[in-house]
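Asks: Questions regarding the structure given below will be posed in turn.
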Amino acid sequence: MSHQMIYLGRPRDTPGLLGVAAKKATMPANRALVASQTGRVHTAPGDERSTEGHLGAAGELVSGGLGGVP
């Protein structure tokens, strides 16, 4: 749904959706996906610091392993 909000030009509607997703994401792969999407949302208004923080978190999750994937 957060992808759809971005494509519809409504990025301000996505933080709430991503917050719910972040709370429910338990696997590292899912958490990385949510973090990267959150970074993307912060890119739209030009929030470079938040973008880098979320993308960095996604990168750390991926480099740490995706849980259950050899």
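At position 52 of the sequence shown the residue is numbered 271 (the working numbering), and the sequence of numbers has no breaks. Just so it is clear, CB atoms sit at the ideal spot from N, CA and C, and this is done for glycine as well. This structure is a prediction, so every number in the text was calculated from the model and none was measured.
1) Pull up the distance between the alpha-carbon of E267 and that of G258, whole angstroms please.
2) At which residues does the alpha helix (DSSP H) containing G272 begin and terminate?
3) Taking the beta carbon of L227 as the centre, do at least 16 other beta carbons fall within 10 Å, making it buried, or is it exposed?
4) So, is S221 buried or exposed, given that buried needs 16 or more other C-beta atoms within 10 angstroms?
5) How is the alpha helix (DSSP H) around M224 delimited, first residue to last?
Replies: Here's the rundown:
1) For the purposes of this step, residue 267 is taken as the residue at position 48 of the sequence shown. For the purposes of this step, residue 258 is taken as the residue at position 39 of the sequence shown. Computed Cα separation, rounded: 9 Å.
2) For the purposes of this step, residue 272 is identified with residue 53 of the sequence shown, where counting begins at 1. Its alpha helix (DSSP H) spans residues E267 to S282.
3) Position 8 of the sequence shown, counted from the start, is the residue given in the question as residue 227. By the 10 Å Cβ count, L227 comes out exposed.
4) As a working mapping, residue 221 is identified with position 2 in the sequence shown. So S221 ends up on the buried side.
5) By one-based count along the sequence shown, residue 224 stands at place 5. First-last of the alpha helix (DSSP H) with M224: S221 to Y226.
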